[in-house]
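Remarks on the structure that follows.
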Amino acid sequence: RTAFPGREACSGENPGMPFEFDYAVNDPVHMAFYSHNANSDGDQVKGEYRVQLPDGRTQIVTYVADWATGFHADVKYEGEASYPPPAPYSPPPAPPGGYPAPGSFPSPP
1 RTAFPGREAC SGENPGMPFE FDYAVNDPVH MAFYSHNANS DGDQVKGEYR VQLPDGRTQI
61 VTYVADWATG FHADVKYEGE ASYPPPAPYS PPPAPPGGYP APGSFPSPP
């Protein structure tokens, strides 16, 4: 007997289990800002997640899922995209030479 339920347990014929959860990450050191919340009455799952994008906007995905109609998501964005100017280019320092250049060459005859 396996620990994973068979296909029949995932077909929508058996009632689901109600749940509710949420979490959020607010980490300015690593620039990680996101959250997720969801709840279910056992038949339908509703939820939303938010992600702060590198361009400064927040992506908000609101979704509903059930066995009858499947997964439906609505994606929105808050804020204005902004891009910092690129840093000026400065080439890396040249590696030290392996051999000194000769002092002088003889003149041709």
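Using the UniProt record's numbering, the final residue of the sequence shown is 109, and nothing's skipped along the way. From the three backbone atoms N, C-alpha and C, an ideal C-beta is built for every residue, glycine too.
Pair within 8 angstroms by beta-carbon distance, residue i and residue j
i	j	result
V75	Q59	yes
G47	Y63	yes
D66	D43	yes
G56	G79	yes
S40	F71	no
Those residues which DSSP pairs with residue i across a bridge
i	result
N26	F33
E47	Correcting the residue identity first, residue 47 is Gly in this sequence and not Glu. BP columns for G47 point to A38 and Y63.
CA nearest to the CA of residue i, picked from the options
i	options	result
D22	G16, N14, A38 and P28	A38
residue 135	R50, P95, P92 and P84	Outside the shown range of the chain (1 to 109) lies residue 135, about which nothing can therefore be said.
P54	P93, A68 and M31	M31
P15	H36, V29, A68 and Q52	A68
S82	P91, P95 and Q52	Q52
CB contact below 8 angstroms: residue i versus chain C
i	result
T69	Absent from the structure is chain C; it holds one protein chain and no more.
(request) Could you pull out every unbroken beta strand (DSSP E) segment of at least 3 residues lying fully inside the region 57-93, listed in chain order? (result) The region 57-93 contains these whole beta strand (DSSP E) runs: 58-66 and 70-78.
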